[in-house]
Structures are given as structure tokens and as C-alpha cells.
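S.K.: For the record, in the sequence shown the residue sitting at position 85 is 85 according to full-length UniProt numbering, with numbers rising by one throughout.
Even for Gly, the Cβ is constructed at its ideal location relative to N, Cα and C.
A quick note: this is a predicted structure, and the numbers were derived from the prediction, not measured.
My questions will all concern the structure given below.
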Amino acid sequence: MRSETTTITSPQDGLPLFVRSWQPDGEAKGVVQMAHGMAEHSGRYERFAQALTDAGYAAWMHDHRGHGETSTEQEDRGYYADDHGWDTVVEDMHTVTRAIAEAHPGLPLFFFGHSMGSLLGRDYITRYGQDLVGAVLSGTAANPGLLGKVGQGLASVEARLRGRRHTSKLMDAMTFGAYNKPFKAEGEFGWLSRDRAEVRKYIDDPRCGEVFTSGFFADLLGGVNRLQGLAARVPHDLPLLVISGEQDPVGGKDGAGVRAAAEAFRAGGVEDVTLELFPGARHELLNETNRDEVTDLVIGWLDDHLPTKGE
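If you want it as C-alpha cells, here you go:
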């Protein structure tokens, strides 16, 4: 595997987006564009990238604005943008897609999004799904319903009163704090994985687990609240793989919210939707005790949906 880092300038506002890419030693048969979750960064996906390249895929991932090496100044951490933050981040993803197309002309492109990356991805595939041959959504969220609207309202009010860059302990408690309640005996981030060594890596990483801003939460929840009406806009011929741990609190009790999300895609007309729930697993499937099983399933699905030459 060969790995590189670079920056790609966002045409929206000139922000340099930090990008990692991993290439197989031989010729790539396809490319996987990945989108990471909230309060983490692309460097955490090295192990998965190794598996992808071993299977013959190139992999690309950028640090979203407000995260990782894209936003190194403290005032920019946990913050999307002054205006239209959600849309700005979705369009950043397409900026990276264009760079991938230039670097790998003609190669089939898959999308893989985890957590926040899966939520952004659910919007992204309604806009640019025609550029993809398949999409994988990992650790996606249930429909927040009234709670999502209340949360967006609270974050928006807090942003107006205290500033959009205000570090919101209130919203952090409503999200991460609520997710961790069933696992409180295991520490602050027990909800992420049963593998305590992986959770410790997250805790020890200075680019993970930060408390985000009021503006970020207003943007994120505003985007999530819009997702419920978008499933019918996904290209009907775009294959989808939806994966989650059954004990992932983001996906609802026993995966009920993830099941509902998959069913919404089917009801919206998507012809090929595969749902896989892993018993006992929590939020970060790629860092779970059964991560090899998850990785093998994802790569098998990619291989099964790789177009044959001439298609």
C-alpha cells in the first residue's frame, strides 16, 4: 500500500481540505471515497484502508471542515461554516469526488460514510449518486423526529445568544452524553465499541472527542431533519449497503431506526438495499471486536457490485 496526503482547495470559500489517499501496490480496480464521523478524523481509517488496498481498491478520505488537519486552529474546531454549514460540507465531499475522478479516470467509485459521514452521505447520494456505483452507510442514525427539531431549535437559540462558535456542553450532553447512558459504567465513550483498547485510542487522540459548537449542532440537526424527505431522490439503480451494530445507540433500540432508514430507501424506489445488523456491536463497527467480519462483509459487497468491463 502507498499512502499520500495533500490538500484540495474548496471552491466555495478557499478552505484547504486535508486529504489522505491510499493506493494498492498493483492496478486499482475501483475507488472508495470515505467520509468520517463527528469528532474524529481520516487518520483513524488506516486499518480499513489497508484492507481495501489489499483487495485492490484505492481509498480516499478528507478531514471535514471543523475536524482533523483541515481545521487546526482552535477557533475552527467543531465548526462548519458561518452560513449554510451542512450544504457546504456536502459540497466539500463533491470537490473531493472531482479530484478522485481526475486521479483515477474511468474507475468505478463507491462511497463509504460512517456516522456523521453516513448522514452527510444520505444527502450526497441524492445530489451526486449518479457518479457512484454503490454506497455503504455505517452507523447511520434513526429519524430523530420531534427531538431533532427541538435540538435544532435549542442549538439555534444558543448560537444566537452566545455565538455560533460557542462550545456547547448542552448539545454535547444531549447527543454523546445520551448515547453513552447505557454504557456509563465503562467510561465516557463506552458506546463506541466493546473493544476497550480501541476506545482508549479514541480518548487519547487529541483530535477526537471534542465538544463541538452551537453552530455545528444547529447545522447538523438541520441537515438530519431534512433527510427524512430525501430517500425518494436517491437514484433507484444505486445499490446501498446499510450496516450497524444492534447495540449502537445512534441507530435506535436494537437497530430499529436503522431498519427504518433502510426501509425508507426501499419505499423510495431504490432497487438494491442490503441491511446488515451485527448482534452486540456498538457504534464504530470498524473498531469493534468483530471488525474483521465487518470488513470482509463490506469488501465482499463491493466486489459483488463492481461493474464488469463494458457495463
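Please state the DSSP three-state secondary structure of Ser118.
M.R.: Locating residue 118 in the sequence shown gives position 118, counting from the first residue. Of the three classes helix, strand and coil, the one that applies to Ser118 here is helix, per DSSP.
S.K.: Looking at the secondary structure, which residues open and close the beta strand (DSSP E) in which Val136 lies?
M.R.: Here residue 136 refers to the residue found at position 136 of the sequence shown. Counting along the chain, the beta strand (DSSP E) containing Val136 begins and ends at Gly134 to Ser138.
S.K.: State the DSSP-derived secondary structure class of Gly245, mapped to helix, strand or coil.
M.R.: Your numbering for residue 245 matches position 245 in the sequence shown. In this structure, Gly245 counts as strand in the three-state DSSP scheme.
S.K.: I need the DSSP call for Ser42, collapsed to helix, strand or coil.
M.R.: As a working mapping, residue 42 is identified with position 42 in the sequence shown. Reduced to three states, the DSSP call for Ser42 is helix.
S.K.: Return the CA-CA distance between Val298 and Leu161, expressed in angstroms with no decimal places.
M.R.: Taking the sequence shown and counting its residues from 1, one reaches residue 298 at position 298. Taking the sequence shown and counting its residues from 1, one reaches residue 161 at position 161. Their Cα atoms are separated by approximately 44 Å.
S.K.: If you draw a straight line from the alpha carbon of Arg77 to that of Thr308, how long is it in whole angstroms?
M.R.: In the sequence shown, the residue the question calls residue 77 occupies position 77. In the sequence shown, the residue the question calls residue 308 occupies position 308. Their backbone Cα atoms lie some 43 Å apart in a straight line.
S.K.: Using DSSP's beta-bridge definition, name the partner residues of Pro16.
M.R.: Along the sequence shown, read from residue 1 onward, the residue named residue 16 stands at position 16. DSSP lists Thr9 as partners of Pro16.
S.K.: Just to confirm, are Val224 and Val270 a CB contact at a threshold of 8 Å?
M.R.: One-based indexing of the sequence shown puts residue 224 at position 224. One-based indexing of the sequence shown puts residue 270 at position 270. It is not a contact, given that the beta carbons lie outside the stated cut-off.
S.K.: What is the rounded straight-line gap between the Cα of Phe265 and the Cα of Gln228?
M.R.: The residue labelled residue 265 in the question sits at position 265 within the sequence shown. The residue labelled residue 228 in the question sits at position 228 within the sequence shown. Distance between the alpha carbons of Phe265 and Gln228 is about 10 Å.
S.K.: In angstroms with no decimal places, state the Cα-to-Cα distance between Thr7 and Tyr124.
M.R.: Here residue 7 refers to the residue found at position 7 of the sequence shown. Here residue 124 refers to the residue found at position 124 of the sequence shown. Approximately 21 Å, taken between the alpha carbons.
S.K.: Could you have a look at Ala59 and say whether DSSP puts it in helix, strand or coil?
M.R.: For the purposes of this step, residue 59 is taken as residue 59 along the sequence shown, with counting starting at 1. Strand at Ala59.
S.K.: As a quick exercise: from Thr289, Val242 and Gly121, pick the residue whose alpha carbon is nearest that of Thr88.
M.R.: As a working note, residue 88 is residue 88 in the sequence shown. Of the candidates Thr289, Val242 and Gly121, the one whose C-alpha sits nearest the C-alpha of Thr88 is Gly121.
S.K.: Could you tell me how far apart the beta carbons of Glu210 and Ala39 are, in whole angstroms, since I believe they sit closer than 8 Å?
M.R.: Here the question's residue 210 lines up with position 210 in the sequence shown. Here the question's residue 39 lines up with position 39 in the sequence shown. Right, the Cβ-Cβ distance comes to about 6 Å (below 8 Å), so this counts as a contact.
S.K.: Within 10 angstroms of its Cβ, does Ser3 collect 16 or more other Cβ (buried), or is it exposed?
M.R.: Mapped onto the sequence shown, residue 3 falls at position 3. Answer is exposed; the Cβ neighbour count stays below 16.
S.K.: Based on the DSSP secondary-structure assignment, which residues constitute the bridge partners of Glu158?
M.R.: The residue you call residue 158 lines up with position 158 of the sequence shown. Answer by DSSP bridge pairing: none, since Glu158 is not bridged.
S.K.: My output table needs one value for Met34: the three-state DSSP class, helix, strand or coil.
M.R.: The sequence position of residue 34 within the sequence shown is 34, counting from 1. Met34: strand per DSSP, three-state reduction.
S.K.: If you check the beta carbons only, do Ala159 and Ala218 fall under 8 Å apart?
M.R.: Within the sequence shown, residue 159 is the residue found at index 159, counting from 1. Within the sequence shown, residue 218 is the residue found at index 218, counting from 1. Yes, these two residues count as a Cβ contact at 8 Å.
S.K.: Closest to His94 by CA distance: which of Asp82, Tyr79, Phe110 and Asp83 is it?
M.R.: Here residue 94 corresponds to residue number 94 of the sequence shown, with the count starting at 1. With distances taken between Cα atoms, His94 lies closest to Phe110.
S.K.: What span of residues does the alpha helix (DSSP H) with Phe217 cover, start to end?
M.R.: Position 217 of the sequence shown, counted from the start, is the residue given in the question as residue 217. It spans Ser214 to Leu227 - the alpha helix (DSSP H) in which Phe217 sits, taken as one unbroken run.
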